[in-house]
Structures are given as structure tokens and as C-alpha cells.
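*Asks:* All residue numbers for the sequence shown refer to the working numbering, where the first residue is 1 and numbers rise by one. From the three backbone atoms N, C-alpha and C, an ideal C-beta is built for every residue, glycine too. For clarity, every value in this text was computed on a predicted model and none was experimentally measured.
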Amino acid sequence: MEKIYQELLEKAKKASLNTYSPYSNFPVGACVLYENNNEYLGCNVENVSYGLTLCAERNAISTAITNNEKTKIKAIAIYSPKQTKCMPCGACRQWLSEFASEQGCKIILEDNNDGILILNLEEIFPSGFKFEK
Ligand SMILES: [Zn+2]
């Protein structure tokens with residue numbers, strides 16, 4: 001399993017090369033893995049009006065939806081050349097919780113010394129907003 005996560009991280013790394021981040025100069029790439037093993041890439045897309053910036057994680061999930069993905073997310077790798085352990089922001093954690101697999105969603109990050117850090121969405125986002133009818 002660790003090999004799959006390493007490959008996901010490599011794909012996130014490649015996606016970070018395509019970023020549009022002239023304002024922050026903080027490129028981020030993401031690769032999201034679904035239950036049916038489909039994968040989708042995303043990178044951050046900034047805007048002169050900073051608040052309109054789209055994160056790599058939400059970009060990857062949007063690409064999945066655009067491609068008619070109907071299964072749930074089992075893992076996402078996130079990478080920035082500027083920072084190891086590049087954690088998802090609060091908005092992206094909420095987005096991930098919307099589409100996370102019932103079996104859980106792994107967050108795959110680059111760790112120090114080229115290692116991989118594997119976290120569970122549950123542990124970094126334990127009480128997300130849920131709409132109860
Ligand atoms: Zn984000």
C-alpha cells in the first residue's frame with residue numbers, strides 16, 4: 001500500500017509543476033484516489049483577487065466530478081516544493097469530508113528525508129459540518 005501512496009505523491013509532485021501561483025509563489029499539487037482506483041490531478045490556481053484562489057485539492061475533486069466520478073475518495077496526496085507536510089487548509093478538509101469513503105480517507109504528505117506521512121482525514125478534521133435533515 002505504501003508504494004501506491006508513494007506513486008500518488010509523485011503524481012501530486014508533477015501536478016505542482018502546472019500551478020498558477022504568481023502571488024504566493026507557493027505551488028501545490030494534489031492527486032486524489034477514488035474507490036474504483038481512478039485518479040485525478042489538481043494544482044492551485046490563484047487570482048489577483050486573492051480570496052478567489054482555488055486550492056490544488058479542491059481543483060482535483062472538481063476535476064473528478066467533471067469526469068462523472070461517482071465513487072468516494074480513499075486517499076489524497078498533497079505536495080508543495082516549498083514545504084514538507086503540506087497540510088490541506090480548512091476549506092479543503094471540509095470538501096474532502098463531503099466525498100470521503102466510509103472506510104476513511106488517507107492524507108498522504110511528503111515527510112522529512114523523502115519519507116511519507118500518512119494521516120487519516122478523521123484525525124485532522126473530526127467534526128466537520130454535516131447537514132442533518
Ligand atoms: Zn485548500
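Can you tell me whether G104 is helix, strand or coil according to DSSP?
*Replies:* For the purposes of this step, residue 104 is taken as the residue at position 104 of the sequence shown. If DSSP states are grouped into helix, strand and coil, G104 belongs with coil.
*Asks:* Should T19 be labelled buried (16 or more other beta-carbon atoms within 10 Å of its own) or exposed?
*Replies:* Taking the sequence shown and counting its residues from 1, the one referred to as residue 19 is at position 19. T19 is buried by the Cβ-count criterion.
*Asks:* In chain order, what residues of the same chain have a beta carbon less than 7 angstroms from the beta carbon of L117, not counting five sequence neighbours either side?
*Replies:* The count along the sequence shown starts at 1 and reaches residue 117 at position 117. If we look at L117 and ignore the five residues flanking it on each side, its Cβ neighbours are K85, L109 and D111.
*Asks:* Tell me, please, which residues DSSP counts as bridged to Y79.
*Replies:* Reading the sequence shown from its first residue, position 79 is the one you call residue 79. Beta-bridge pairing links Y79 to G29.
*Asks:* Excluding the 5 residues preceding and the 5 following C89 in the sequence, name in chain order all residues of the same chain whose CB lies nearer than 7 angstroms to its CB.
*Replies:* The residue labelled residue 89 in the question sits at position 89 within the sequence shown. Take C89, set aside five residues on each side of it, and the residues of its chain with a beta-carbon closer than 7 angstroms to its own are C55, in chain order.
*Asks:* Is the distance from the Cβ of L41 to the Cβ of T71 below 8 angstroms?
*Replies:* Stepping through the sequence shown from its first residue, residue 41 is reached at position 41. Stepping through the sequence shown from its first residue, residue 71 is reached at position 71. The answer is no: Cβ separation not under 8 angstroms.
*Asks:* For N44, which residues from the same chain have a beta carbon less than 6 angstroms from its beta carbon, with the 5 sequence-adjacent residues on both sides left out?
*Replies:* Working through the sequence shown from its first residue, we reach residue 44 at position 44. Here the set comprises T19, S21, V28, C55 and A56.
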